[in-house]
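Q: Chains as they are written, first to last, in the numbering used here: chain A, 1 to 247; chain B, 1001 to 1234.
We put the beta carbon where it would ideally sit given N, CA and C, even for glycine.
Predicted model only: the values in this text are computed from it and were never measured.
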Amino acid sequence: MKRLSVLTLARMFFRSFFLQAAWNPRGMQNLGFAYAMGPALDELYPDRAARAAAAFRHLEFFNCHPYMAAAILGGAARVEERVAAGEAEPSDVSQFKTTLGPPLAALGDGFFWLALRPSAALLAAATAPFIGAWAVLVFLGLYNTVHLAARVWMFAAGYLRAEGIVETLGHAHYASGTPLLKACAAALAGAIAARAVLLVAEGPRPSAAVGFGVLLVAAFLFLPRLGVPRSVYLGLFCGLALGARFL
Amino acid sequence: MERLLPSAIVAVVAGLAAVERKGAFQLMLSRPLVLAPILGLLFGDGRAGLLLGVPLELLFLGGVNLGGNLPHNETLLAAALTAMVVPAGAGLSGGVDAPLAVLGLALLFPLAVYGRKLERASEQRNAEIAAEALRRVQAGDASAIRLNLRGLFLPFGVTFGICALASLCAPLLGWLRAQCGPAAVLALSGAWHAVLAVSAACAIRAIRDSRAPFFAGLSAAVLVAAAVAFRGAL
Chain A
1 MKRLSVLTLA RMFFRSFFLQ AAWNPRGMQN LGFAYAMGPA LDELYPDRAA RAAAAFRHLE
61 FFNCHPYMAA AILGGAARVE ERVAAGEAEP SDVSQFKTTL GPPLAALGDG FFWLALRPSA
121 ALLAAATAPF IGAWAVLVFL GLYNTVHLAA RVWMFAAGYL RAEGIVETLG HAHYASGTPL
181 LKACAAALAG AIAARAVLLV AEGPRPSAAV GFGVLLVAAF LFLPRLGVPR SVYLGLFCGL
241 ALGARFL
Chain B
1001 MERLLPSAIV AVVAGLAAVE RKGAFQLMLS RPLVLAPILG LLFGDGRAGL LLGVPLELLF
1061 LGGVNLGGNL PHNETLLAAA LTAMVVPAGA GLSGGVDAPL AVLGLALLFP LAVYGRKLER
1121 ASEQRNAEIA AEALRRVQAG DASAIRLNLR GLFLPFGVTF GICALASLCA PLLGWLRAQC
1181 GPAAVLALSG AWHAVLAVSA ACAIRAIRDS RAPFFAGLSA AVLVAAAVAF RGAL
């Protein structure tokens, strides 16, 4: 069985960063996935027609978390090697992708979007008044150290283990780390909220801090109903009134 | 001419950030917390960028692109706001301050909502690109998968244009700020504190966990108590 070269795998990994370049409602990441598979298809299928047929297979609907898709991409490359060698059916690649897409998407959304990103951003926002622009590096460093390491590891594990990637990801503790990150993020958000009120208390009219505290609580309570834009404009009007001492 | 070059550079960087937001890399370089200080730095005032970026980051912390759900476009707003406010502040004696930031935010906030429409349009354009790629691959041209990268052009172009325009309109914002008397400055400073309060509320809401209000409340209470105790000790 022909194995893909390291250079081809590296090119695939680089192209995985463009998975969502042509995200569309019909095929979602289909074109991005086919684009990332391109170097592997070029190497495995020297015949033009066979290559086009393989590319066509990868243009089917595909959707996953963009980072977690690295595991599927690596695994699909391995399965595609077997297909090219006649050891597997073309439908096996499709089955591999459709089976792993949704669970990995849920795992990635929960960990990266809803836990790691808020935690890293809140840590940076909470420290920004003290460390200034270094807060940007805190955010990027913290987030991308985890993100890039996870992406490289998942791509490699996907290629080496293919169908066994599920078991490998089970040992990664993504799900167990999520509640801890969210608790830290909540504590940091609370500290930022307290600081927002204390800043007013240290100003020329300390009693106004009560008004801004009430505004903060009201915004928290009504945010789901009002949405961010209306909350911001209502907040601006209340703030104008408080600042001008009408309230 | 002196202002055109930094404005053009900022518009290009903002366009690249719009591409980075969803279409490429996703290293979070397009988040307001990162983008605003970078653009501010390009205008010579990174501190002002950070002043704008932190509350914007908190306001849009809960916006997550899950499946077909489109969040507000925080990148477009952060880029346009920085491109307008920082040069406006450079023309004033006090630089970028809270009243100027509030004026800019009130004026440009609808861009976050408009950005959603831009993204929908981008997705429709991408659907056409994907359909063309499918046709060509079906006809035997495997290299058509490279059409994928064409999806990056529209967000880049629109964000570039909007930021360039925002930057060119900066003197108008500066003029508006210069017209504010002491009473208006006081009111606008209050409005900035309100933005900070609303953004903190948004940040707590962004953590989708039933225990989040408890942890946030506890942490806030401890901090306020410590501040009061420390002041008392003094």
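In chain A, which residues lie with their C-beta within 9 Å of the C-beta of residue 1028 of chain B?
A: Working through the second sequence from its first residue, we reach residue 1028 of chain B at position 28. Under the 9 Å cutoff, chain A gives 117, 120, 121, 139, 140, 143, 144 and 147.
Q: Going along chain B in order, which residues have a C-beta closer than 9 Å to the C-beta of residue 64 of chain A?
A: By 1-based counting over the first sequence, the position of residue 64 of chain A is 64. Going along chain B, no residue has its Cβ under 9 Å from residue 64 of chain A, so there is no contact; the nearest lies around 11 Å.
Q: Find the residues of chain A that neighbour residue 1145 of chain B, judging by a C-beta separation of less than 7 Å, and give them in chain order.
A: Reading the second sequence from its first residue, position 145 is the one you call residue 1145 of chain B. Those within 7 Å of residue 1145 of chain B in chain A are 31, 34, 35, 38 and 55.
Q: Take residue 129 of chain A as the anchor and find which of B:1020, B:1126, B:1215 and B:1053 has the nearest alpha-carbon.
A: By 1-based counting over the first sequence, the position of residue 129 of chain A is 129. The candidate whose alpha carbon is nearest that of residue 129 of chain A is B:1053.
Q: For residue 73 of chain A versus residue 105 of chain A, is the C-beta spacing smaller than 8 Å?
A: Numbered from 1 along the first sequence, position 73 holds the residue referred to as residue 73 of chain A. Numbered from 1 along the first sequence, position 105 holds the residue referred to as residue 105 of chain A. Cβ atoms of residue 73 of chain A and residue 105 of chain A: not closer than 8 Å.
Q: Just to make sure I have the definition right: I need the residues of chain A whose C-beta is within less than 7 Å of the C-beta of residue 1138 of chain B. Which are they?
A: Locating residue 1138 of chain B in the second sequence gives position 138, where the first residue counts as 1. Within chain A, the residues near residue 1138 of chain B are 56.
Q: Check the C-beta distance from residue 1040 of chain B over to residue 1075 of chain B and give it rounded, since I have them as a contact under 8 Å.
A: Locating residue 1040 of chain B in the second sequence gives position 40, where the first residue counts as 1. Locating residue 1075 of chain B in the second sequence gives position 75, where the first residue counts as 1. Going by Cβ atoms, the distance from residue 1040 of chain B to residue 1075 of chain B rounds to 15 Å, so no, they are not a contact pair.
Q: Answer with buried or exposed for residue 1124 of chain B, where buried requires no fewer than 16 other C-beta atoms within 10 angstroms of its C-beta.
A: The residue labelled residue 1124 of chain B in the question sits at position 124 within the second sequence. With fewer than 16 Cβ atoms within 10 Å of its Cβ, residue 1124 of chain B is classed as exposed.
Q: Does the CB of residue 1073 of chain B have a neighbour CB from chain A at under 8 Å?
A: Within the second sequence, numbered from 1, the residue matching residue 1073 of chain B stands at position 73. By this cut-off, residue 1073 of chain B is not an interface position.
Q: Could you round the C-beta distance between residue 139 of chain A and residue 1034 of chain B to whole angstroms and report it? I think they count as a contact, below 8 Å.
A: Counting from 1 along the first sequence, the entry for residue 139 of chain A is found at position 139. Counting from 1 along the second sequence, the entry for residue 1034 of chain B is found at position 34. That pair is a contact at about 7 Å.
Q: Using a Cβ-Cβ cutoff of 7 Å, what residues of the stretch 1193-1220 of chain B are near chain A? List them in chain order.
A: Here the close residues are 1193, 1194, 1195, 1196, 1197, 1198, 1200, 1201, 1202, 1203, 1204, 1205, 1206, 1207, 1208, 1209, 1211, 1212, 1215, 1216, 1217, 1218, 1219 and 1220.
Q: Could you give the distance in angstroms between the alpha-carbon of residue 150 of chain A and the alpha-carbon of residue 111 of chain A?
A: Counted from its first residue, the first sequence places residue 150 of chain A at position 150. Counted from its first residue, the first sequence places residue 111 of chain A at position 111. Their backbone Cα atoms lie some 11 Å apart in a straight line.
Q: Between which residues of its own chain and residue 1168 of chain B is the CB-CB distance below 7 Å, once the five residues before and five after are set aside?
A: Here residue 1168 of chain B is taken as the residue at index 168 of the second sequence, counted from 1. Cβ within range, chain order: 1007.
Q: If you measure from the beta carbon of residue 1009 of chain B to each beta carbon in chain A, is any gap under 8 Å?
A: One-based indexing of the second sequence puts residue 1009 of chain B at position 9. No, residue 1009 of chain B does not count as interfacial toward chain A.
Q: Verify the CB distance criterion: does residue 130 of chain A have a CB-CB separation below 8 Å to chain B?
A: The residue labelled residue 130 of chain A in the question sits at position 130 within the first sequence. No - not a single Cβ of chain B is within 8 Å of the one on residue 130 of chain A.
Q: Under the rule that 16 or more other beta-carbon atoms within 10 Å means buried, what is residue 1022 of chain B, buried or exposed?
A: On the second sequence, residue 1022 of chain B is found 22 positions in, with the first residue counted as 1. Burial call: buried.
Q: Residue 190 of chain A CB to nearest chain B CB: under 8 Å?
A: Residue 190 of chain A sits at position 190 when you count from the first residue of the first sequence. Judged by the 8 Å Cβ criterion, residue 190 of chain A is in contact with chain B.
Q: Starting from the C-beta of residue 974 of chain B, find all residues in its chain whose C-beta is less than 7 Å away, skip the five residues before and the five after it, and write them out in chain order.
A: As shown, chain B starts at 1001 and ends at 1234. That puts residue 974 of chain B outside it, with no answer to give.
Q: What three-state label does DSSP hand residue 1156 of chain B in the structure shown?
A: Working through the second sequence from its first residue, we reach residue 1156 of chain B at position 156. Looking at residue 1156 of chain B - three-state DSSP - the assignment turns out to be helix.
Q: Taking C-alpha atoms, which residue in B:1079, B:1133, B:1109 and B:1045 lies nearest to residue 1237 of chain B?
A: The structure shown does not extend to residue 1237 of chain B, since chain B is modelled only from 1001 to 1234, so the question has no answer here.
Q: For residue 24 of chain A, which beta-bridge partners are listed by DSSP?
A: By 1-based counting over the first sequence, the position of residue 24 of chain A is 24. Beta-bridge pairing links residue 24 of chain A to A:28.
Q: Which residue from A:222, A:224 and A:200 puts its Cα closest to that of residue 239 of chain A?
A: Position 239 of the first sequence, counted from the first residue, corresponds to residue 239 of chain A. With distances taken between Cα atoms, residue 239 of chain A lies closest to A:200.
Q: Mapping DSSP to helix, strand and coil, what is residue 1060 of chain B?
A: Counted from its first residue, the second sequence places residue 1060 of chain B at position 60. In the structure shown, residue 1060 of chain B sits in coil (DSSP, three-state: anything other than H, G, I, E or B).
Q: How many Å lie between residue 237 of chain A and residue 26 of chain A at the Cα?
A: Translated into positions along the first sequence, residue 237 of chain A becomes position 237. Translated into positions along the first sequence, residue 26 of chain A becomes position 26. Using only the alpha carbons, I get a separation of about 42 Å.
Q: For the alpha helix (DSSP H) that residue 231 of chain A lies in, which residues bound it at each end?
A: Taking the first sequence and counting its residues from 1, the one referred to as residue 231 of chain A is at position 231. Note, residue 231 of chain A: alpha helix (DSSP H), 208-243.
Q: Quick one: what does DSSP say residue 1109 of chain B is sitting in, helix, strand or coil?
A: Within the second sequence, the letter at position 109 stands for residue 1109 of chain B. Coil.
Q: Can you give the beta carbon distance from residue 155 of chain A to residue 40 of chain A, rounded, assuming they're within the 8 Å contact cut?
A: Here residue 155 of chain A is taken as the residue at index 155 of the first sequence, counted from 1. Here residue 40 of chain A is taken as the residue at index 40 of the first sequence, counted from 1. That belief does not hold up - the Cβ atoms of residue 155 of chain A and residue 40 of chain A are roughly 12 Å apart, past 8 Å.
Q: Which same chain residues end up closer than 8 Å to residue 157 of chain A when comparing Cβ atoms and leaving out the 5 residues on each side of it in sequence?
A: To locate residue 157 of chain A, count along the first sequence from 1; it is residue 157. Contacts found: 71, 74, 165, 168 and 169.
Q: Looking only at C-alpha atoms, which of B:1043, B:1112 and B:1038 sits nearest to residue 232 of chain A?
A: On the first sequence, position 232 is the one that residue 232 of chain A refers to. Among B:1043, B:1112 and B:1038, the Cα nearest to that of residue 232 of chain A belongs to B:1112.
Q: Output the distance between the C-alpha atoms of residue 219 of chain A and residue 1206 of chain B, rounded to the nearest integer angstrom.
A: Along the first sequence, read from residue 1 onward, the residue named residue 219 of chain A stands at position 219. Along the second sequence, read from residue 1 onward, the residue named residue 1206 of chain B stands at position 206. Distance between the alpha carbons of residue 219 of chain A and residue 1206 of chain B is about 13 Å.
Q: So which of A:147, A:51, A:101 and A:194 has the shortest CA-CA distance to residue 84 of chain A?
A: Reading the first sequence from its first residue, position 84 is the one you call residue 84 of chain A. Looking at the Cα atoms, A:51 is the closest of the given residues.
Q: If you run the structure through DSSP and keep just helix, strand and coil, what is residue 17 of chain A?
A: Numbered from 1 along the first sequence, position 17 holds the residue referred to as residue 17 of chain A. In this structure, residue 17 of chain A counts as helix in the three-state DSSP scheme.
Q: For residue 1234 of chain B, which residues in the same chain have their Cβ closer than 6 Å to its Cβ, ignoring the five residues on either side in sequence?
A: Taking the first residue of the second sequence as 1, we reach residue 1234 of chain B at position 234. Low confidence applies to residue 1234 of chain B: its pLDDT is 43, below 50, so where it sits in the model is not reliable enough to give any reading.
Q: Please report the residue range of the alpha helix (DSSP H) in which residue 89 of chain A lies.
A: For the purposes of this step, residue 89 of chain A is taken as the residue at position 89 of the first sequence. Element bounds for residue 89 of chain A: n/a, residue is neither H nor E.
Q: Between residue 1117 of chain B and chain A, is there a C-beta pair that is closer than 8 Å?
A: Residue 1117 of chain B sits at position 117 when you count from the first residue of the second sequence. So, not an interface residue.
Q: Can you look up residue 1230 of chain B in the DSSP assignment and give me helix, strand or coil?
A: Position 230 of the second sequence, counted from the first residue, corresponds to residue 1230 of chain B. Correct three-state label for residue 1230 of chain B: helix.
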